[in-house]
């Protein structure tokens with residue numbers, strides 16, 4: 001396998017007639033998917049998503065791709081092709097359009113509707129080009145052909161990018177459910193035709209490459225939900241992803257056949273299902289939907305609440321119901337809660353916390369470990385092999401996955417007969433050139449995590465996150481003295497205080513004389529420089545806390561000169 | 001179901017002839033298992049374990065049961081019965097013995113050997129009574145009968161506690177593998193005999209109550225390991241729990257049959273396997289074990305490393321191999337790493353981080369989602385029903401589980417025919433009295449989480465953890481001024497600094513004049529009280545940071561008087 005990482009230098013100039021592929025996100029972590037294609041001086045971007053932070057990124061709201069290599073080439077960008085409407089594929093579009101708001105967005109009807117709703121909140125009206133499966137569009141030197149793919153959101157597309165350098169097929173996210181709810185299967189036949197014409201490079205979704213076998217058809221979820229609806233004596237609350245139109249459709253259908261009414265809860269659920277209905281992706285039986293006010297008139301066994309919060313988000317509708325903080329809904333014994341969603345890695349603690357809170361309140365909680373109330377939207381190993389064997393690409397690059405997924409996918413590619421030296425295993429920022437039918441890593445560009453925290457973007461970096469982790473683990477102890485700026489003598493303090501360190505208010509008493517003593521010694525040695533005094537205080541407090549507590553709080557010494 | 005929680009008051013005096021059962025841990029979270037039984041003024045404790053902290057307890061090393069209700073009754077404790085040698089059942093023994101070191105410990109040979117090794121590190125030699133399945137022992141007014149149970153550690157026991165109030169059966173942790181490696185199955189026949197004599201209260205392990213069906217027999221793991229060993233071309237590194245003697249035995253056996261040598265790595269692995277071998281629980285073929293020095297002389301395909309670190313612990317042997325920080329072992333393409341263990345909830349992020357690091361380094365990583373290299377040690381729903389139907393207890397109390405597990409187990413008990421009002425669903429600190437054959441929650445005692453952080457126990461509480469979370473999410477901004485203690489006038493500062501807030505060194509410049517202005521206004525209003533000045537500074541900085549950043553760092557104002 002061709003492997004290359006950050007230790008590589010910047011890439012050489014792209015040879016004439018070559019195609020350059022630069023993943024700026026999506027490789028090494030699941031999220032912030034973004035790939036830049038360059039040909040003949042022009043750029044085409046596929047997807048522009050966000051990554052949600054995990055415990056290693058405390059206090060961070062979102063993680064963006066690093067746009068820095070694009071900023072002086074914004075005018076070269078022909079379009080941003082969006083494969084589907086999930087946040088990890090469209091969430092960073094507003095941040096890129098903030099730099100240049102007339103870059104055209106290309107995608108399917110539902111995808112564009114979701115991104116337009118998102119941009120409307122920021123008062124951006126984008127230039128868009130709606131495409132559908134089978135379409136072929138020229139975007140500068142790039143000719144794009146679109147293929148239907150089946151995923152956990154409607155109207156998803158794969159895209160073939162054709163240039164004089166060859167044909168690249170980017171699957172986006174996909175699975176190959178052979179009995180999808182909407183009958184729109186992944187167009188393996190179309191991709192076979194493309195493969196027979198020659199695919200020089202395949203970029204394919206690796207999320208489930210470690211999982212053996214094939215997905216359970218979506219249609220098997222419906223009967224499981226029906227069973228739950230039949231058995232439930234009280235209210236039913238279903239939580240799912242706010243964009244999983246087919247899962248919501250199944251809940252609506254079960255509610256309808258069991259004589260229950262449905263209220264949608266959560267801002268994103270309401271918005272997305274409104275869009276889905278308007279565009280014909282969601283069929284809502286007449287009179288089925290009710291408002292939260294109308295719900296109050298119904299008996300518990302007539303009620304279904306369709307909510308967000310399947311990932312344990314504490315501020316979501318379900319999260320607030322679990323803690324008893326929801327304005328309208330208080331959990332009661334006899335309620336049934338269904339988490340009809342996958343468990344995104346990193347969210348386990350939060351999700352099980354919510355399940356335990358709901359269980360404590362008396363609800364019966366059904367989740368995917370207990371019953372088949374959800375199937376993944378990503379193709380497992382068996383399906384990935386079908387795709388590899390059908391497309392028969394000359395070169396292959398696993399995308400959309402953590403290292404464990406990328407490597408498992410690379411092994412599948414090799415097992416399917418692609419020579420190991422044509423399987424390109426990359427991480428974010430690696431630059432891959434396709435020249436003369438051969439894909440090779442040629443360099444690396446900056447692809448840092450760009451953190452959004454509150455209103456500011458990019459002022460939170462790795463060293464600051466290390467400080468947060470240190471503060472979060474051990475709190476801090478601050479020590480303050482006042483020195484005379486002329487004589488260098490201590491004229492006030494030391495004052496010691498701490499946060500997150502100890503509940504014992506007398507904890508710091510023993511260290512005060514130690515600081516005074518150390519400062520006296522410093523004065524005797526003629527040391528009056530504030531920086532040196534701070535170091536002395538830091539060392540004195542640090543040694544004391546280590547000896548006495550074996551803890552490592554942050555030590556924050558301050559010298560104020562008067 | 002009888003449910004009772006912390007809103008209850010302290011329990012009334014125990015009626016004469018009644019048995020009191022107080023779980024001090026293990027209910028509501030998996031860990032720190034400890035149950036106190038009281039009869040006729042005497043106490044018997046079953047298990048005394050620790051809980052490992054999760055993301056909600058940053059910086060905490062261990063969580064202990066709250067011993068406060070026991071401290072003035074230490075002399076009444078007849079014994080601590082230890083059901084098996086896992087940390088969540090024995091880990092808090094040293095902390096309880098620190099209060100009174102002659103409380104007798106009762107347990108099986110292997111369990112006591114592990115707890116003695118732990119106590120030896122603290123120079124405590126405990127009083128012990130070794131028991132084995134079938135034994136019956138009088139411990140004050142409590143007669144204990146012991147039953148073999150099968151679990152993920154050898155020599156585990158269930159205990160029946162007989163008093164004039166009735167018979168209680170406490171399963172400890174168990175599963176009912178019908179083909180265990182050591183042939184020692186859970187003694188369902190013995191428990192059936194006990195049940196036919198009458199069990200008034202069953203306390204039973206709820207960990208897998210949500211999981212349908214039955215465990216896969218341990219013997220099916222061996223062939224899976226054998227396949228991995230046959231296919232591996234390079235070194236094999238297996239990580240498992242350091243007390244899972246049978247899993248290690250399977251690895252030794254596979255190594256032996258594939259002509260590989262084994263080195264044990266990690267302090268606890270070496271210690272526990274030494275004890276297991278000495279006591280006859282682990283059979284090590286002659287010449288199979290080698291030292292890390294001897295490993296260097298072998299080819300990669302002759303090497304097995306048996307390591308700790310299956311839960312993603314960064315400082316464990318495997319954790320350090322993954323980051324390239326291990327003294328002896330650097331991962332290489334071709335290495336195979338097997339995580340032969342369950343994934344303890346809360347550890348997912350850490351475990352997948354290690355798997356990704358190993359994958360990035362080129363290793364093939366096999367874990368339980370990919371191949372059947374581990375089975376749980378806890379009985380799932382099918383087996384719990386067998387136990388319920390065999391023992392036929394009059395009252396039942398689910399133990400050892402989070403709320404979701406306890407409630408699922410309660411439903412199984414009711415499904416098996418126990419009247420709902422005889423299923424006692426409790427949480428830590430609830431007090432259950434068994435009087436005239438009827439178990440009822442009668443009150444609640446203190447059962448706080450007691451945090452160990454470094455050398456100190458109990459000085460870290462919930463409000464302090466909230467401070468740590470706030471600091472960890474947003475860092476802090478400190479603002480310091482010096483005031484004249486006589487005039488109340490500001491004579492130095494304001495100085496502003498921050499940690500974990502922003503990488504921008506000029507970030508605070510705009511807030512300095514705002515603080516000065518606010519303090520000037522305060523001076524004009526005659527405000528000189530340090531406490532009031534601190535509030536003014538806190539408000540000024542807090543408002544500024546919210547307006548400008550929409551962030552909530554901790555604001556730490558300091559007024560030093562000179």
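Protein chains in written order, with full-length UniProt numbering: chain A, 1 to 562; chain B, 1 to 562.
Here a beta-carbon is modelled for each residue, glycine too, at the ideal position from N, C-alpha and C.
Residue i to residue j span [Cα, whole Å]
i, j, result
"residue 399 of chain B", "residue 559 of chain A", "55 Å"
"residue 403 of chain B", "residue 347 of chain B", "19 Å"
"residue 538 of chain B", "residue 478 of chain B", "9 Å"
"residue 137 of chain B", "residue 174 of chain B", "22 Å"
"residue 469 of chain B", "residue 56 of chain B", "8 Å"
"residue 541 of chain B", "residue 506 of chain B", "15 Å"
"residue 9 of chain A", "residue 441 of chain A", "11 Å"
"residue 261 of chain A", "residue 241 of chain A", "20 Å"
"residue 160 of chain B", "residue 285 of chain B", "38 Å"
"residue 338 of chain B", "residue 323 of chain B", "17 Å"
"residue 255 of chain A", "residue 294 of chain A", "16 Å"
"residue 564 of chain B", "residue 81 of chain B", "Residue 564 of chain B lies beyond the residue range present for chain B, which begins at 1 and ends at 562; the question has no answer from this structure."
"residue 64 of chain B", "residue 92 of chain B", "6 Å"
"residue 233 of chain B", "residue 118 of chain B", "39 Å"
"residue 344 of chain B", "residue 282 of chain B", "25 Å"
Assigned exposure category for residue i - 16 Cβ within 10 Å defines buried
i, result
"residue 310 of chain A", "buried"
"residue 332 of chain B", "exposed"
"residue 163 of chain B", "buried"
"residue 292 of chain B", "exposed"
"residue 179 of chain A", "exposed"
"residue 216 of chain B", "exposed"
"residue 223 of chain B", "exposed"
"residue 38 of chain A", "buried"
"residue 272 of chain A", "buried"
"residue 127 of chain A", "exposed"
"residue 315 of chain B", "exposed"
Per DSSP, cross-strand counterpart(s) of residue i
i, result
"residue 451 of chain B", "B:63"
"residue 561 of chain A", "A:483"
"residue 444 of chain A", "A:430"
"residue 373 of chain A", "For residue 373 of chain A, which the question treats as bridged, DSSP gives no partner whatsoever."
"residue 144 of chain B", "B:137, B:161"
"residue 107 of chain A", "A:130"
"residue 38 of chain B", "B:20, B:43"
"residue 251 of chain B", "The partner list for residue 251 of chain B (beta bridge, DSSP) is empty, contrary to what the question assumes."
Bounding residues of the beta strand (DSSP E) (the contiguous stretch that carries residue i)
i, result
"residue 303 of chain A", "303-307"
"residue 466 of chain A", "No beta strand (DSSP E) holds residue 466 of chain A; the alpha helix (DSSP H) holding it covers 462-474."
"residue 236 of chain A", "236-239"
Endpoints, alpha helix (DSSP H) assigned at residue i
i, result
"residue 96 of chain A", "93-97"
"residue 524 of chain B", "511-524"
"residue 228 of chain A", "221-231"
"residue 73 of chain B", "That residue, residue 73 of chain B, is in no alpha helix (DSSP H); it is neither H nor E in DSSP."
"residue 197 of chain A", "188-197"
"residue 328 of chain A", "First-last for residue 328 of chain A: undefined, no H or E at that position."
"residue 398 of chain A", "Element bounds for residue 398 of chain A: not the alpha helix (DSSP H) but the beta strand (DSSP E), 395-399."
"residue 349 of chain A", "348-360"
Chain E within 9 Å of residue i, Cβ atoms only
i, result
"residue 473 of chain B", "You won't find chain E in this structure, because its protein chains are A and B."
**Request:** Give the residues from the region 51-62 of chain B that approach chain A closer than 7 Å (Cβ to any Cβ), ordered along the chain.
**Result:** 54, 55, 58, 59
**Item:** chain A contacts from the region 450-475 of chain B (Cβ-Cβ distance under 9 Å)
**Value:** 453, 454, 455, 456, 458, 459, 460, 461, 463, 464, 465, 466, 467, 468, 469, 470, 471, 472, 473, 474, 475
**Prompt:** Which residues, taken in chain order from the region 403-433 of chain A, show a beta carbon closer than 7 Å to some beta carbon of chain B?
**Reply:** 403, 404, 407
**Request:** Quick one: which residues of the region 354-386 of chain B get their C-beta closer than 7 Å to a C-beta of chain A? List them in chain order.
**Result:** 355, 356, 359, 360, 365, 369, 370
**Item:** Residues within the region 317-339 of chain A neighbouring chain B, beta-carbon criterion of under 8 Å
**Value:** none
**Asked** Mind listing which residues of the region 482-505 of chain A have their C-beta closer than 8 Å to chain B's C-betas, in chain order?
**Response** 482, 491, 492, 493, 495, 497, 499, 500, 501, 502, 503, 504
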